[in-house]
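One rule links them: number in the numbering used here = place in the sequence shown (from 1) + 46.
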Amino acid sequence: MHGLIMERELLVTDILRHARRNHPNVEIVSETVDAGRHRYTYAEAYERTCRLAHALDRLGARRGDRVATLAWNTYRHFELYFATAGGGTVCHTINPRLFPDQLVYIINHAEDRWVFLDSSFVELAESLADRLTGIEAWVILCDRDRMPETTLPNALCYEDLLAESPGDYDWPALDERTASGLCYTSGTTGNPKGVLYSHRGIVLHAMAFAWPDSNDLSMRDAIMPVVPMFHVNAWGSPFTAPMHGAKLVLPGPRMMDGAVLQSLINDEGVTIALGVPTIWMALMQHLREHGGNLEPMNRVVIGGSACPAALMDAFRDYGVRVRHAWGMTEMSPLGIINTPRPEFAAWPEEQQRAMDAKTGHGFFGVEMKIVDDDDNELPWNGEAVGALKVRGPWVCRSYYRGEGSDAHDEAGWFNTGDVASIDEYGFAQITDRNKDMIKSGGEWIGSIELENIAVGCDGVAEAAAIAVAHPKWGERPLLVVRRDVGSRVDEATILGEFDGKVPRWWVPDAVAFVDEIPHTATGKISKLTLRERFADYRFAESGDE
Ligand code: AMP
């Protein structure tokens with residue numbers, strides 16, 4: 047017997063319709079590429095989104111077509127999210143930091159018909175255009191009087207398209223399983239793989255994002271995603287903010303600029319911000335050099351790679367609580383977040399901090415388990431370490447056009463490629479990417495923990511622990527370090543930092559100083575490149591003990 051409850055489809059369109067009706071005067075504030083700080087309301091965003099939907103119809107967009115964006119976090123990108131999905135097309139957000147060959151691959155693979163791009167990406171687009179097979183027009187996100195000179199064929203002006211359209215739109219009634227967005231994830235090997243989001247997944251994720259023991263988002267908040275809208279939808283924030291009536295603050299192309307971030311936080315009353323550790327280190331450096339505060343902000347969500355304890359402490363000094371989070375492009379992205387259980391409040395401070403530093407707990411919607419090499423489930427005892435598998439209504443079930451789905455098993459679990467332990471409180475600790483682990487004498491060493499300790503050492507700007515072949519132990523950790531400008535911190539000081547914090551045999555055998563640490567297109571340290579670069583490295587005799 048079925049229940050007698052209405053079956054309304056869960057659609058992205060309804061998020062913005064809801065915001066227009068219930069939070070019409072709440073603002074979206076953006077730093078733009080070419081016109082300073084822009085502000086308008088959800089009601090205005092809705093109207094312009096309708097205009098854009100008409101423009102897409104005029105361009106000839108049909109259901110299921112892919113519409114690409116090469117754009118920063120701004121209000122126009124926000125409009126694109128909703129006009130594409132709402133009209134039944136798919137917003138393909140492109141990461142401009144991918145290598146040119148990868149960009150060509152994904153645009154052709156996705157069969158994008160249009161690219162909507164910020165003027166700062168025109169040059170990049172021009173360098174690729176000859177190799178792209180299906181692009182019918184390039185729409186530049188600017189006013190008519192700011193249209194750049196370009197050799198791009200069929201370059202159109204975004205504001206012209208909107209000006210020619212009416213401000214209301216009859217949104218189609220879509221099946222909630224309809225694809226709404228596409229984001230490629232750049233694995234360390236092979237071609238990037240496409241994750242195809244659905245309306246249903248996006249709406250459910252946007253709800254879960256706001257739960258108290260998730261990000262605790264409400265209409266009393268102003269949220270600033272300092273994660274790009276081209277990388278997993280800025281962690282879903284452009285959907286969850288209008289759903290919950292939170293003000294949305296978009297830093298545009300100025301994401302690495304500590305001064306801009308600080309001024310946005312203070313001027314716009316940002317209460318919660320999202321970003322990877324590197325971004326926040328830039329902000330902290332700015333605050334150290336120029337002073338100031340983060341007055342309105344009370345929490346910051348840090349994920350994308352492990353958050354060093356030193357960064358958590360730095361935020362604590364500014365009265366900001368860090369919520370450590372873990373997720374993936376394949377998971378829309380949220381999977382694990384750290385908020386304290388009530389019983390921790392009675393614990394000694396050091397123990398509470400140790401729990402804060404863990405990756406965090408799961409929440410309804412993402413089931414997780416850890417398994418051994420034979421896929422046997424491991425206990426949640428804080429000791430057992432295994433491959434982390436997940437499943438849930440916003441986790442991708444296979445890649446776009448089928449590639450690389452060996453990460454999915456028959457029971458519907460997705461193998462994340464991350465390795466973790468989970469303790470008796472349900473708190474997970476991600477110890478490594480599967481392929482980044484270091485195996486010394488048959489035992490695993492977690493590189494993330496080594497890196498976290500190293501960056502806690504004064505003068506260390508960035509650190510990566512990688513496996514290097516060793517005649518006796520198979521592999522031993524080498525710590526690659528980029529020093530702060532002007533710092534002369536030496537190997538002995540850095541290695542001294544590990545005393546008492548990890549077992550002796552975990553301590554890296556040596557430190558290699560470099561001027562630059564390579565990063566992937568999503569800003570993570572590229573261990574693959576480092577392993578290649580240090581493939582012939584040999585430890586000195588003393589390291590052979
Ligand atoms: P992406 O799909 O590009 O967002 O990358 C997802 C990967 O980033 C995960 O599989 C992890 O390896 C890594 N990652 C994300 N958040 C964390 C975290 N809090 N701690 C450690 N690694 C993380």
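Ideal Cβ placement from N, Cα and C applies to all residues, glycine included.
**OP:** Assign ARG266 to one of three DSSP states: helix, strand, or coil.
**Re:** coil
Original post:
Using CA coordinates, which residue listed in VAL79, GLN398, VAL531 is at the minimum distance from GLY301?
Top reply: A quick correction: the sequence has Met, not Gly, at residue 301. It is VAL79 whose Cα lies nearest to the Cα of MET301.
**OP:** May I ask you to verify whether the stretch 119-139 touches the stretch 53-65, counting CB pairs closer than 8 Å and requiring at least 3?
**Re:** yes
**OP:** From the DSSP output, read off the bridge partner residues of PRO271.
**Re:** LEU320
**OP:** Express the C-alpha separation of VAL161 and LEU198 in angstroms, rounding to a whole number.
**Re:** 11 Å
Original post:
Counting along the chain, where does the alpha helix (DSSP H) carrying LYS573 start and finish?
Top reply: 573-579
**OP:** Report buried or exposed for GLU376, applying the criterion of at least 16 other Cβ atoms within 10 angstroms of its Cβ.
**Re:** buried
Original post:
For ASP203, which residues does DSSP report across the bridge?
Top reply: Note that residue 203 corresponds to Cys in the displayed sequence, not to Asp. DSSP lists ILE186 as partners of CYS203.
Original post:
Do ASP469 and the ligand AMP come close, with the Cβ less than 7 Å from some heavy atom?
Top reply: no
**OP:** With TYR86 as the anchor, note down where its beta strand (DSSP E) starts and where it stops.
**Re:** 83-87
Original post:
Is the number of C-beta pairs between the stretch 538-551 and the stretch 390-397 that are closer than 8 Å three or more?
Top reply: no
Original post:
If you drop the 5 nearest sequence neighbours on each side, which residues of the same chain put their C-beta closer than 6 Å to that of ARG577?
Top reply: ILE512
**OP:** Indicate the three-state DSSP secondary structure (helix, strand or coil) for TRP440 in the structure shown.
**Re:** coil
Original post:
VAL58 by DSSP, collapsed to three states: which one?
Top reply: helix
**OP:** At 3 residues or longer, and completely inside the stretch 155-182: list those beta strand (DSSP E) runs for me, N to C.
**Re:** 160-163
**OP:** Only counting runs of 4 or more residues, tell me where the alpha helix (DSSP H) segments fall wholly within the stretch 398-424, in order along the chain.
**Re:** none
Original post:
How would you write the range of the alpha helix (DSSP H) that VAL278 sits in, first residue to last?
Top reply: 278-281
Original post:
Cα-Cα, which of ARG479, ALA509, GLU521, ILE571 is closest to GLY661?
Top reply: Missing from the structure shown is residue 661; the chain here goes from 47 to 591 and no further.
Original post:
Quick one: what does DSSP say VAL249 is sitting in, helix, strand or coil?
Top reply: helix
Original post:
When the Cα of ASN312 is compared with those of LEU333, ASP111, PRO274, MET327, which residue comes out closest?
Top reply: LEU333
Subject >> Candidates ALA280, ARG443, ASP189, of which the one nearest SER244 by Cα >> reply: ARG443
Original post:
Exposed or buried, GLU591, counting other C-beta atoms within 10 Å across all chains shown (16 or more means buried)?
Top reply: Residue placement at GLU591 is flagged as unreliable, the pLDDT there being 43, under the threshold of 50; the coordinate-derived value follows with that caveat. Its Cβ having fewer than 16 others within 10 Å, GLU591 is exposed.
**OP:** List the endpoints of the continuous beta strand (DSSP E) containing GLU470.
**Re:** Run containing GLU470: none; DSSP gives neither H nor E here.
Original post:
Using a Cβ-Cβ cut-off of 8 Å (strictly less than) and excluding sequence neighbours within five positions of THR575, which residues of its own chain qualify?
Top reply: PRO564
Subject >> Contact set for ASN71: own chain, Cβ-Cβ below 6 Å, skip 5 residues either direction >> reply: THR87
Subject >> ALA371: CB within 7 Å of a non-hydrogen atom of the ligand AMP >> reply: yes
Original post:
Quick one: Cα of ASP147 to Cα of ASP176, how far?
Top reply: 12 Å
Original post:
Do you know whose CA, among TYR204, ALA352, GLU341, ARG367, lies nearest LYS570's CA?
Top reply: ALA352
Original post:
Among TRP440, ILE468, TYR446, which one has its Cα closest to the Cα of TRP459?
Top reply: TRP440
**OP:** Consult DSSP for VAL560 and reduce its assignment to one of helix, strand or coil.
**Re:** coil
**OP:** State the CB to CB distance for the pair ALA433 and VAL412, rounded to an integer number of angstroms; the pair is presumed to be in contact (CB under 8 Å).
**Re:** With 8 Å as the limit, ALA433 and VAL412 do not qualify as a contact, their Cβ atoms being about 16 Å apart.
Subject >> Those residues which DSSP pairs with GLU210 across a bridge >> reply: GLU210 pairs with nothing; no bridge assigned.
Original post:
Secondary structure at GLU543, three-state DSSP: helix, strand or coil?
Top reply: coil
Subject >> CYS137, DSSP secondary structure in three states >> reply: strand
Original post:
Can you give the beta carbon distance from ILE585 to ASP555, rounded, assuming they're within the 8 Å contact cut?
Top reply: According to the sequence as given, residue 585 is Phe; it is not Ile. With a Cβ gap of about 5 Å, PHE585 and ASP555 count as contacting.
Subject >> Residues near ARG143 by beta carbon distance below 7 Å, same chain, minus five either side >> reply: ALA567
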